[in-house]
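Chains as they are written, first to last, in our numbering: chain A, 61 to 365; chain B, 61 to 365.
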């Protein structure tokens, strides 16, 4: 089983409008709702790849109950979310039919009390016992200590479970220092962490800060990975147009599933690049297109740096 | 008891953001949620004026359950909503902290089946028996016949209950022909109904189409009323700055409460103008500021036309 942690789960709501006009009133055409927060997106992709997944984090209030109801209908995903008194946030994506662009509104998330955080830590340690790998993903809800990911990374190492950390800002800085197996920053997150905007230098610098491997997302140019086995750039055969929402979560799912299957770094990167491209190319944001995945998987360009 | 009908009830969600930037990601500062749809807004104002109110219409799904839970905490409002299989819509108002302007996203509302519509009509007739007046407000959800308000107006007349109709487009056109006691169009709705953009002429024309009285909202210039007792313009003593959201619903509540109390047209218009101004001036959209209400009530300018 692969464990995913989503401390700030969400109900992702998508509104489709013909054209977004600030300060006007819009009739929403189509509404979709699904479980969100990076870790739950990763769980969905892992399950689609055939992995058994256990999803933990917090869920509370009416929104949390709805997220859990939706998860209950997801094959291969076991709900191990911990109840909280506050209400799980919504994120709203307004998709502009004219341009295809998305405008995003993210609610702040529930206030987590210290007893709730302690209850989560107990549950997390229990779940680690059955996990082959763990993904630690996304922002921290209010009340969770900023050093939370460092605690979770150390607990995973103590349990012998490799941890992939995908977060940003101070939570990332503290988490990296606890020496996770992998981090997966994008260029902006990496620049904030290292102070460098030169991708190769910054990726290597991030590794020196504690992560065993750093996989930097370069957007349409693929991934740059600094690992103990070598440094590579992995790129799709051609730029794919579409919606990049969820492409980063697909990279996490690709890296973690390949790690859990015992694959080496070239195979992990190939899978992650193909899944990411297939997510950009999918008609629904955050899903991946299986045909594109199979097609790109055979033609990822891997270059040693 | 005053009856309010909201066929397309809503959960009104408000997101406060520092500044709305199309195609960007926003952290939402404050989130508020409350029962919405014009008739439920009217019910809230009527209850604040001290009237016993019964609220009917449709409610369904998780959103409908939440609307009902919020209504249960509202003093003097009795929940007589009729269940439907579909899910009550949300409306999202994004308030831009920089300009104060609002961008609105309205979900379409549940599909209402013919058996649900028949069940509503039964409940409506029962409720009319105890009502002194009825407000018929807002848009029709999918599946409700476009002539719905004409049916509801005729049933009210048969029960001897005066009906105020506040809707737009074809639903208004058909409803007016059934001869309601009052309609309350704004300038745009009136122009669509009559083809005339000259307010006095259009207001009189709308009366000839069947409404016993037509009260046209002129925005900051107040109200223009054509009635069997005379034609008046009622204006606030000065233009009040603020958020006009809900001002029209306050006009409906003012007119209907004054009618239920047996007040004459000048008193009805004075109350409606003062409530509307107090709503524009309130810190929370759709609430009214009691101090402004008392102040403006004493100084509304009433002019016979």
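Each residue gets a CB set at the ideal place from its N, CA and C atoms; glycine is no exception.
Three-state secondary structure (DSSP) at residue i?
i: residue 293 (chain A); result: strand
i: residue 164 (chain B); result: strand
i: residue 273 (chain A); result: strand
i: residue 305 (chain B); result: coil
i: residue 259 (chain A); result: helix
i: residue 311 (chain B); result: helix
i: residue 321 (chain A); result: coil
i: residue 229 (chain B); result: helix
i: residue 95 (chain B); result: strand
i: residue 126 (chain B); result: helix
i: residue 337 (chain B); result: helix
i: residue 360 (chain B); result: coil
i: residue 101 (chain B); result: helix
i: residue 74 (chain A); result: strand
i: residue 120 (chain B); result: coil
i: residue 264 (chain B); result: helix
i: residue 284 (chain B); result: strand
i: residue 332 (chain B); result: helix
i: residue 299 (chain A); result: coil
i: residue 113 (chain B); result: strand
i: residue 352 (chain B); result: helix
i: residue 84 (chain A); result: coil
i: residue 66 (chain B); result: strand
i: residue 223 (chain A); result: strand
State buried or exposed for residue i, treating a residue as buried only when at least 16 other CB atoms are found within 10 Å of its CB.
i: residue 120 (chain A); result: buried
i: residue 79 (chain A); result: exposed
i: residue 361 (chain B); result: exposed
i: residue 94 (chain B); result: buried
i: residue 81 (chain A); result: exposed
i: residue 314 (chain A); result: buried
i: residue 317 (chain A); result: buried
i: residue 288 (chain A); result: exposed
i: residue 229 (chain A); result: exposed
i: residue 87 (chain B); result: exposed
i: residue 330 (chain A); result: buried
i: residue 365 (chain B); result: exposed
i: residue 85 (chain A); result: exposed
i: residue 20 (chain A); result: The structure shown does not extend to residue 20 (chain A), since chain A is modelled only from 61 through 365, so no value can be given for it.
i: residue 135 (chain B); result: exposed
i: residue 350 (chain A); result: exposed
i: residue 83 (chain B); result: exposed
i: residue 372 (chain A); result: Lying before the first or after the last residue shown, residue 372 (chain A) is absent from chain A, which here runs from 61 to 365.
i: residue 241 (chain B); result: buried
i: residue 388 (chain B); result: For residue 388 (chain B) there is no data in the structure shown, the boundaries of chain B being 61 and 365.
i: residue 176 (chain B); result: buried
i: residue 174 (chain A); result: exposed
How many whole angstroms separate the CB atoms of residue i and residue j, which I take to be in contact at a CB cut-off of 8 Å?
i: residue 146 (chain A); j: residue 171 (chain A); result: 5 Å
i: residue 276 (chain B); j: residue 259 (chain B); result: 6 Å
i: residue 282 (chain B); j: residue 294 (chain B); result: 5 Å
i: residue 375 (chain B); j: residue 68 (chain B); result: Outside the shown range of chain B, which is 61 to 365, sits residue 375 (chain B), and nothing can be said about it.
i: residue 64 (chain B); j: residue 102 (chain B); result: 5 Å
i: residue 3 (chain A); j: residue 117 (chain A); result: Lying outside 61 to 365, the shown extent of chain A, residue 3 (chain A) is not represented and no answer is given.
i: residue 12 (chain B); j: residue 76 (chain B); result: This structure leaves residue 12 (chain B) out entirely; chain B is present only between 61 and 365.
i: residue 130 (chain B); j: residue 137 (chain B); result: Not quite, the Cβ-Cβ distance comes to about 10 Å (not below 8 Å), so this is no contact.
i: residue 273 (chain A); j: residue 262 (chain A); result: Not a contact, Cβ separation roughly 14 Å.
Compute every distance between the C-beta of residue i and the non-hydrogen atoms of the ligand NAP, then say whether any falls below 8 Å.
i: residue 181 (chain A); result: This structure simply doesn't include the ligand NAP, nor any ligand for that matter.
Whole alpha helix (DSSP H) elements within the stretch 175-208 of chain A, 4-residue minimum
Within the stretch 175-208 of chain A, no complete alpha helix (DSSP H) run reaches 4 residues.
Contiguous beta strand (DSSP E) assignments of at least 3 residues, all confined to the stretch 133-160 of chain B
137-139 and 149-156
Please name the residues in the stretch 78-94 of chain A whose beta-carbon is closer than 7 Å to at least one beta-carbon of chain B, in chain order.
80, 82, 83, 84, 85, 86, 87, 88 and 91
So if I threshold CB-CB distances at 9 Å, which residues from the stretch 161-175 of chain A count as touching chain B?
161, 162, 163, 164, 165, 166, 167 and 168
Which residues, in order along the stretch 294-320 of chain A, keep a beta-carbon less than 8 Å from a beta-carbon of chain B?
none
Of the residues that make up the stretch 321-341 of chain A, which ones have a beta carbon closer than 9 Å to any beta carbon in chain B?
none
Chain B contacts from the stretch 106-128 of chain A (Cβ-Cβ distance under 7 Å)
122 and 126
For the stretch 250-280 of chain B, which residues have a CB atom closer than 7 Å to at least one CB atom of chain A, in sequence order?
none
Against chain B: residues of the stretch 135-155 of chain A by CB proximity under 7 Å
152 and 154
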